[in-house]
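Asks: Read left to right, the sequence shown gives residues -20 to -1, 1 to 383 (mature numbering (1 follows the signal peptide of the UniProt record, and there is no 0)).
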Amino acid sequence: MAPLASTLAAFTAILAAVQASPVATGAASPAAPAASAATTGGSTVGNPFTGKQIYANPYYASEILSSAVPSLSAPYNTKASSVAKVGTFAWLDSTAKVPSMGTYLADIQKQNAAGASPPIIGAFVVYDLPNRDCSAAASNGEFSVANNGLANYEKYIDSIKAQLQAYPSVDTVLLIEPDSLANLVTNLNVANCSAAESAYKAGVTYAMQQLNLPNVAMYLDAGHAGWLGWSANIGPAAQLFGSLYTSAGSPSQVRGLATNVANYNGFNLASAPSYTSGDSNYDEKLYINALAPLLTQQGFPAHFITDTSRNGVQPTKQQAWGDWCNVVGTGFGVRPTTNTGDALADAFVWVKPGGECDGTSDSSAPRYDYHCSLSDALQPSPQAGTWFQAYFAQLLENANPSF
């Protein structure tokens, strides 16, 4: 991985022209009616995406422009360059990545001062809990519950807070800890998850409290329809979100929940795909509308963002709904937009940088997870988080809408 400063410098000229796509553009859906307070709960922060564009972070753009574009022939090389323009969340998945946040926020501040229109917002994934990815193996993190993990995590959160406080004029969206709380709903039978339960709860609570800053809007991760949308899971999930929110002091800058992160589910399907196996909440729209009243009962703000970065092909070619690793046949989905057609949905966003691998298919690798060598996973695949050119090419070819 190239040092961030050199990467940013190398692509500054390109990114000056390659601005993030305005959130209000993309494949439009019918305009959503205004949400009532009774529907959405108690958050005091408004929709942070309205009238804004998400920052096209230079690291993802550099992966595309240096790895993808040279490997593609026309017209896909030009199409790939267009992907680099799409505002995509930056993942703070290690302490070493936190300084990049300051670099990006400084760049956003500079572009906004120069008259960026619409104004640019930062978008980051907070992802470094101890015993991270507790029910799988592909994305295990740097902290362990058994080795001072919670204290180290709190220092990580403190460092993020310092970056945000250094740029108070830059509005920023934070997505808090993908998969973490969902694992506490369904996977406490996994030893690594049960060992992490108290640390997950304490860590997410600490993040909500410390990152509750005026220029921040937070969304906790809520899995997806095929995980927490089942009747046995959705009630306990709402109770968990409400309990942690209350214990954190009901932070005003917690806007709601994020769904479908790094997943493939459609938002508003005409019928249930076969692999949804009878779940009445077979897409993300059904899921958030079933979850919202349960959240409201718990006093949790029921607003949502949904990751559409890889859900362009519906139904997917998943053999089972829980198959999450590098699924074959997928495509880039709707670009970031606030035109969601649902009052509960603040925006469709790109959280997963399409082309970064979900996990390796090499069974001898230390972070191997069997899902990555199933028949519906594209193979061979490298380690999680590294560039997977064949997967990017698949997403680009199957993009819906196309580039």
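For glycine and all other residues, C-beta sits at the position ideal for the given N, C-alpha and C.
1. So what does DSSP say about TRP207, is it helix, strand or coil?
2. Contact check, THR318 vs PHE29 under 8 Å by CB: the rounded distance?
3. Once the 5 residues before and after ALA8 are set aside, which same chain residues still bring their CB inside 6 Å of it?
4. Any idea if SER361 is buried or exposed, counting beta-carbon neighbours within 10 angstroms, 16 or more meaning buried?
5. First and last residue of the beta strand (DSSP E) that includes TYR199?
6. State yes or no: is the C-beta of ALA379 within less than 8 Å of the C-beta of GLY258?
7. Does the contact criterion of 3 or more C-beta pairs under 8 Å hold for the segment 181 to 197 versus the segment 211 to 229?
8. Measuring straight from C-alpha to C-alpha, what distance separates SER16 and VAL170?
9. Work out the CA separation of GLY26 and residue 404 for me, nearest whole Å.
10. For a quick check, are the C-beta atoms of ALA157 and ASP113 less than 8 Å apart?
11. Give the DSSP bridge partners of GLU336, in chain order.
12. What's the C-alpha gap between ALA197 and GLN145?
13. Going along the chain, which residues of its own chain have a beta-carbon closer than 7 Å to the beta-carbon of GLU134, five neighbours each way excluded?
14. For the beta strand (DSSP E) that GLY102 lies in, which residues bound it at each end?
15. Is ILE44 near ALA64, with beta carbons less than 8 Å apart?
16. Less than 8 Å between the C-beta atoms of ILE100 and VAL153, yes or no?
17. Skipping 5 residues on each side, what residues in its chain have a beta carbon closer than 8 Å to that of SER61?
18. Considering only residues of the segment 241 to 302, which uninterrupted alpha helix (DSSP H) runs meet the minimum length of 4 residues and lie entirely inside it, listed in chain order?
19. Can you tell me which residues form a DSSP beta bridge with LEU72?
20. Taking Cβ positions, are VAL106 and LEU161 nearer each other than 8 Å?
21. First and last residue of the alpha helix (DSSP H) that includes ASP138?
22. To the nearest angstrom, report how far apart PRO13 and ALA323 are at their CA atoms.
23. Mapping DSSP to helix, strand and coil, what is ALA325?
24. Distance, Cα to Cα, ALA54 vs LYS141?
25. How would you write the range of the alpha helix (DSSP H) that VAL63 sits in, first residue to last?
26. Quick one, are the C-beta atoms of TYR244 and VAL307 less than 8 Å apart?
27. Sorted by chain position, which residues of the same chain lie with C-beta nearer than 7 Å to residue 389's C-beta, five sequence neighbours on each side aside?
28. Within the same chain, show all residues whose beta-carbon is closer than 7 Å to that of LEU249, passing over the 5 residues directly before and after it, in chain order.
29. Since I believe PHE280 is in contact with TYR225 (beta carbons under 8 Å), could you give me their beta-carbon distance rounded to a whole number of angstroms?
30. Report the three-state DSSP secondary structure of ALA41 (helix, strand or coil).
31. Just to check my reading of the structure: TYR180 and LEU237 have Cβ atoms closer than 8 Å, yes? What is that Cβ distance to the nearest angstrom?
32. Just to confirm, is the Cβ distance from ASN111 to ASN172 under 8 Å?
33. Is it true that the segment 335 to 344 meets the segment 357 to 373, where meeting means three or more beta-carbon pairs spaced less than 8 Å apart?
Replies: With the structure as the only source:
1. Walking along the sequence shown from the start, residue 207 turns up at place 227. Three-state DSSP puts TRP207 in a helix.
2. Along the sequence shown, read from residue 1 onward, the residue named residue 318 stands at position 338. Along the sequence shown, read from residue 1 onward, the residue named residue 29 stands at position 49. About 5 Å separates the two Cβ atoms, so the contact holds.
3. As a working mapping, residue 8 is identified with position 28 in the sequence shown. Low local confidence applies: a pLDDT of 37 at ALA8 is under 50, so the model's placement there is unreliable, with the coordinate-based value given in what follows. Sequence-distant partners of ALA8 (beyond 5 residues in either direction) whose C-beta falls short of 6 Å from its own C-beta, in its chain, are ASN319.
4. Residue 361 sits at position 381 when you count from the first residue of the sequence shown. Buried, by the Cβ-count rule.
5. The sequence position of residue 199 within the sequence shown is 219, counting from 1. Taken as a continuous stretch (DSSP letters only), the beta strand (DSSP E) holding TYR199 covers 196 to 201.
6. By 1-based counting over the sequence shown, the position of residue 379 is 399. By 1-based counting over the sequence shown, the position of residue 258 is 278. The Cβ atoms of ALA379 and GLY258 lie no closer than 8 Å to each other.
7. Result yes; three or more Cβ-Cβ pairs closer than 8 Å.
8. By 1-based counting over the sequence shown, the position of residue 16 is 36. By 1-based counting over the sequence shown, the position of residue 170 is 190. Confidence is the limiting factor: at SER16 the pLDDT is only 34, short of 50, which leaves the residue's position unreliable, though a coordinate-based value still follows. C-alpha separation (whole angstroms): 39 Å.
9. Any property of residue 404 remains undetermined from this structure, which presents the chain solely from -20 to 383.
10. Here the question's residue 157 lines up with position 177 in the sequence shown. Here the question's residue 113 lines up with position 133 in the sequence shown. The residue you asked about is not Ala; residue 157 is Glu in the sequence shown. Remark: C-beta atoms of GLU157 and ASP113 do not approach each other more closely than 8 Å.
11. Within the sequence shown, numbered from 1, the residue matching residue 336 stands at position 356. DSSP lists TRP367 as partners of GLU336.
12. For the purposes of this step, residue 197 is taken as the residue at position 217 of the sequence shown. For the purposes of this step, residue 145 is taken as the residue at position 165 of the sequence shown. Approximately 14 Å between the Cα atoms of the pair.
13. In the sequence shown, the residue the question calls residue 134 occupies position 154. Counting only residues of its own chain and dropping the five nearest sequence neighbours on each side, GLU134 has a CB closer than 7 Å to the CB of TYR186.
14. In the sequence shown, residue 102 corresponds to position 122, counting from 1. Looking at the DSSP string, the run of the beta strand (DSSP E) that includes GLY102 is 100 to 106.
15. Locating residue 44 in the sequence shown gives position 64, counting from the first residue. Locating residue 64 in the sequence shown gives position 84, counting from the first residue. It is a contact, given that the beta carbons lie within the stated cut-off.
16. As a working note, residue 100 is residue 120 in the sequence shown. As a working note, residue 153 is residue 173 in the sequence shown. Going by C-beta atoms, ILE100 is not nearer than 8 Å to VAL153.
17. Position 81 of the sequence shown holds residue 61. The answer, listed in chain order, is VAL(-3), ILE44, LEU45, VAL49.
18. Runs of the alpha helix (DSSP H) inside the segment 241 to 302: 264 to 277.
19. Here residue 72 is taken as the residue at index 92 of the sequence shown, counted from 1. LEU72 pairs with VAL106.
20. As a first step, residue 106 is located in the sequence shown; it is residue number 126 there, counting from the start. As a first step, residue 161 is located in the sequence shown; it is residue number 181 there, counting from the start. No.
21. Indexing the sequence shown from 1 puts residue 138 at position 158. Note, ASP138: alpha helix (DSSP H), 129 to 146.
22. Residue mapping note: residue 13 aligns to position 33 of the sequence shown, counting from 1. Residue mapping note: residue 323 aligns to position 343 of the sequence shown, counting from 1. At PRO13, the pLDDT of 34 sits below 50, so the modelled position is not reliable and the matter cannot be decided from this model.
23. Residue 325 sits at position 345 when you count from the first residue of the sequence shown. When DSSP states are grouped into helix, strand and coil, ALA325 belongs to the strand group.
24. Sequence index remark: in the sequence shown, residue 54 carries index 74 (1-based). Sequence index remark: in the sequence shown, residue 141 carries index 161 (1-based). Roughly 43 Å between the two C-alpha positions.
25. In the sequence shown, the residue the question calls residue 63 occupies position 83. Counting along the chain, the alpha helix (DSSP H) containing VAL63 begins and ends at 56 to 63.
26. Reading the sequence shown from its first residue, position 264 is the one you call residue 244. Reading the sequence shown from its first residue, position 327 is the one you call residue 307. Cβ atoms of TYR244 and VAL307: closer than 8 Å.
27. The requested residue 389 is not part of the displayed model; the chain covers only -20 to 383.
28. Locating residue 249 in the sequence shown gives position 269, counting from the first residue. Cβ neighbours of LEU249 beyond the five flanking positions: TYR262, ASP263, GLN294.
29. As a first step, residue 225 is located in the sequence shown; it is residue number 245 there, counting from the start. As a first step, residue 280 is located in the sequence shown; it is residue number 300 there, counting from the start. Right, their Cβ atoms sit about 5 Å apart.
30. Start at 1 with the first residue of the sequence shown, and residue 41 comes out as number 61. Helix.
31. Numbered from its first residue, the sequence shown carries residue 180 at position 200. Numbered from its first residue, the sequence shown carries residue 237 at position 257. With 8 Å as the limit, TYR180 and LEU237 do not qualify as a contact, their Cβ atoms being about 16 Å apart.
32. Residue 111 sits at position 131 when you count from the first residue of the sequence shown. Residue 172 sits at position 192 when you count from the first residue of the sequence shown. Yes, they are a contact pair.
33. Touching, per the Cβ criterion.
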